[in-house]
Amino acid sequence: ASYFKGNKELKLWDFQSQLVFCRFDKFLDRFMKIEDIFVTILEFEKLERLEFGGTKGAILNGQIHEMMEEFMELCEVFKQSTYDPS
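Just so you know, our numbering puts 74 at position 41 of the sequence shown, and the rest follows in order with no gaps.
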């Protein structure tokens with residue numbers, strides 16, 4: 034079975050696909066940025082369980098803890114922000 038009845042010739046689009054998919058492309062771009070943010074959050078959450086030993090372990094643990102706290106504060110700002118696409 035064929036999509037068209039008879040021997041009708043396919044008519045290809047004669048306009049740019051950007052005109053049709055422009056809004057979808059913008060949505061997909063925003064979605065990919067949000068996905069990147071979530072992946073980054075997951076990576077930073079791994080730092081919470083990280084422990085360094087040795088002579089400089091305490092210093093490194095303190096620096097990672099500070100970095101983690103700063104990142105989580107920035108995440109809270111992001112979580113509390115609202116978005117109105119209209």
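Every residue, glycine too, gets a C-beta built ideally from N, C-alpha and C.
message = Would the region 78-86 count as touching the region 94-103 if we require 3 or more Cβ pairs under 8 Å?
response = The region 78-86 makes contact with the region 94-103; the number of CB pairs closer than 8 Å reaches 3 or more.
message = Please give the ranges of any alpha helix (DSSP H) in the region 78-117, keeping only runs that are unbroken, at least 4 residues long and fully inside the region.
response = Every unbroken stretch of the alpha helix (DSSP H) spanning 4 or more residues and falling wholly within the region 78-117 is given here in chain order: 90-113.
key: Minimum length 4: unbroken alpha helix (DSSP H) runs contained in the region 43-81   = For secondary structure counted as the alpha helix (DSSP H) over 4 or more consecutive residues, the region 43-81 holds these complete runs in sequence order: 50-80.
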